[in-house]
Amino acid sequence: MVGKHSAVKRCKWFYEALTSGRSCYKQKFYGIKSHQCIQMSPALFYCTQQCLFCWRAQNGDLQIKWDEMKLPEWDSAEEIAQGLLKVQNKILGGYKGNPRTDPQKFREAFRPKHVAISLTGEPTLYEPLGEFIRTLHAKGLTTFLVSNGNLPHKLSNLGEEPTQLYVSVCAPNEEVFRRVCRPQVADAWSKLNETLAFLPSFRCPTAIRSTLVKGHNMEDVEGYAKLVEKADPTYIEAKAYMHVGFSSRRLGFDNMPKHSEVYDFAVQLSEKTGYRIVDESKDSRVVLLSKREKPIQFSSS
Ligand code: SF4
Numbered sequence: 011m012v013g014k015h016s017a018v019k020r021c022k023w024f025y026e027a028l029t030s031g032r033s034c035y036k037q038k039f040y041g042i043k044s045h046q047c048i049q050m051s052p053a054l055f056y057c058t059q060q061c062l063f064c065w066r067a068q069n070g071d072l073q074i075k076w077d078e079m080k081l082p083e084w085d086s087a088e089e090i091a092q093g094l095l096k097v098q099n100k101i102l103g104g105y106k107g108n109p110r111t112d113p114q115k116f117r118e119a120f121r122p123k124h125v126a127i128s129l130t131g132e133p134t135l136y137e138p139l140g141e142f143i144r145t146l147h148a149k150g151l152t153t154f155l156v157s158n159g160n161l162p163h164k165l166s167n168l169g170e171e172p173t174q175l176y177v178s179v180c181a182p183n184e185e186v187f188r189r190v191c192r193p194q195v196a197d198a199w200s201k202l203n204e205t206l207a208f209l210p211s212f213r214c215p216t217a218i219r220s221t222l223v224k225g226h227n228m229e230d231v232e233g234y235a236k237l238v239e240k241a242d243p244t245y246i247e248a249k250a251y252m253h254v255g256f257s258s259r260r261l262g263f264d265n266m267p268k269h270s271e272v273y274d275f276a277v278q279l280s281e282k283t284g285y286r287i288v289d290e291s292k293d294s295r296v297v298l299l300s301k302r303e304k305p306i307q308f309s310s311s
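Take a look at the structure:
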């Protein structure tokens, strides 16, 4: 935990990068070094959706109830930024003594380069989000922001754009959206569509991220294509649902598509949108589509 409502989590790929040289798809696609990446959330307990596939504990899981929309008094952007750098250093404790740790990467890991604002919860609920992004940029960090797009007024008034903006599109139509994403705010589908409609006004690269759940949201590729057309994103990431965390109480192992099934979906989407498949990561079961020939690269050591 960082302060009252933020958190940092050691990502599996952070560990893998330090000890076995393997890395996350964000390194493969965009040059974001896994061992210099912080995975965090400024709104750990709060979200406007209760997606079936979400790994977080939601209100009602564990028989604990809370109002996910009753927002706290927010910690300041600077407090969270400083806190997460401190916690990331703490996370590195113990790696020095691990014989498998790469010493150079270990040293570099004390100088994070990137913050993925994506861990859990809806980050646009955090009131000073734009200020937080600006604070991170001022400290020399790049940022990827992942939003469910339910709060278009927050995204359109950020002040400071992230380095790359993701909007999750995990349903091709309103019926599937209600069933799979389970919105907790009124008009969430039209709000998401509003967000998609102004996505082209962002200067930063944008991505539509679709988490694919077999048997739930992999039909109606045409519907996804229409949403892509509206948003005109730089990228589309088609990614498999992972049967982890609390999602395993809501979904079965069989709901996790194989990489080949994600790829087939991406091929269909490519045919309908004109976006080309430009990369893939079998380990993470994700396929990257873009109109660009190659994705923009960000990080350096
Ligand atoms: S929008 Fe994100 S954090 Fe919220 S329930 Fe869905 S997957 Fe979880």
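In the working numbering, each number is its position in the sequence shown, counted from 1, plus 10.
Positions of the beta carbon are idealized from the N, C-alpha and C atoms, including for glycine.
Report task. Quick one: residues in its chain with C-beta nearer than 6 Å to the C-beta of residue 26, no 5 flanking neighbours on either side, listed in chain order? Result -> 32
| request: Whole angstroms is fine: what's the gap from residue 199's alpha carbon to residue 63's? | output: If I take the Cα positions, the gap works out to 18 Å.
Would you say residue 298 and residue 246 are within 9 Å of each other, going by their C-beta atoms? yes
Exercise. When every heavy atom of the ligand GDP is checked, does at least one fall within less than 8 Å of the C-beta of residue 19?
Worked result: Absence of the ligand GDP from the depicted structure is noted, with the ligand SF4 being the only ligands included.
### Query
Candidates 284, 263, 216, 157: which alpha carbon is nearest residue 236's?
In terms of CA proximity to residue 236, 284 leads the group 284, 263, 216, 157.
Q: Identify whether residue 286 lies in helix, strand or coil by the three-state DSSP scheme.
A: Looking at residue 286 - three-state DSSP - the assignment turns out to be strand.
| query | Per DSSP, residue 204 forms a beta bridge with which residues? | reply | Paired residues: none, contrary to the question.
So, residue 233 versus residue 202, is the Cβ gap smaller than 9 Å? no
(request) Give the DSSP-derived three-state secondary structure of residue 47 in the structure shown. (result) Of the three classes helix, strand and coil, the one that applies to residue 47 here is strand, per DSSP.
(Q) Helix, strand or coil, according to DSSP, for residue 115 in the structure here? (A) Helix at residue 115.
Is any heavy atom in the ligand SF4 found nearer than 8 Å to the beta carbon of residue 158? Yes, the beta carbon of residue 158 sits closer than 8 Å to at least one heavy atom of the ligand SF4.
Query raised in the report: Closer than 8 Å: is that where the CB of residue 132 sits relative to any heavy atom of the ligand SF4?
Result: yes
Q | Inter-residue spacing [alpha-carbon to alpha-carbon] between residue 5 and residue 43 | A | Absent from the structure is residue 5, since the part of the chain shown begins at 11 and ends at 311.
Handout entry: Status (buried if at least 16 other CB within 10 Å, exposed otherwise) for residue 48
Key = buried
query = Which whole-angstrom value is the C-beta distance of residue 205 and residue 165, which I expect to be below 8 Å?
reply = 6 Å
Should residue 157 be labelled buried (16 or more other beta-carbon atoms within 10 Å of its own) or exposed?
-> Buried: at least 16 other Cβ atoms inside 10 Å.
- Query: Tell me, which residues are paired with residue 17 by DSSP?
  - Reply: 51
Item to check | Best match in 276, 123, 93, 101 for proximity to residue 230 [C-alpha to C-alpha] | outcome: 276
**Prompt:** What is the DSSP secondary structure of residue 30, counted as helix, strand or coil?
**Reply:** For residue 30, the three-state secondary structure derived from DSSP is helix.
*Heavy atom of the ligand SF4 within 8 Å of residue 63 beta-carbon*: yes
- Looking at C-alpha atoms only, which residue of 55, 97, 87, 141 is the closest neighbour of residue 79? 55
In terms of DSSP beta bridges, what is residue 5 paired with?
As shown, the chain starts at 11 and ends at 311. That puts residue 5 outside it, with no answer to give.
Subject >> Residues near residue 120 in its chain [Cβ-Cβ closer than 7 Å; skip 5 each side] >> reply: 99, 102
*How about residue 270: is its C-beta nearer than 9 Å to some C-beta of chain D?*
Annotation note: the requested chain D is absent from the structure, which comprises a single protein chain.
Task: Helix, strand or coil at residue 126 according to DSSP, with G and I counted as helix - done: Strand at residue 126.
inquiry  = My assumption, with CB atoms under 8 Å, is that residue 135 sits in contact with residue 81. Please give the rounded CB distance.
reply    = 6 Å
Cβ separation of residue 265 and residue 224, assumed to be a contact under 8 Å, to the nearest whole Å: 5 Å
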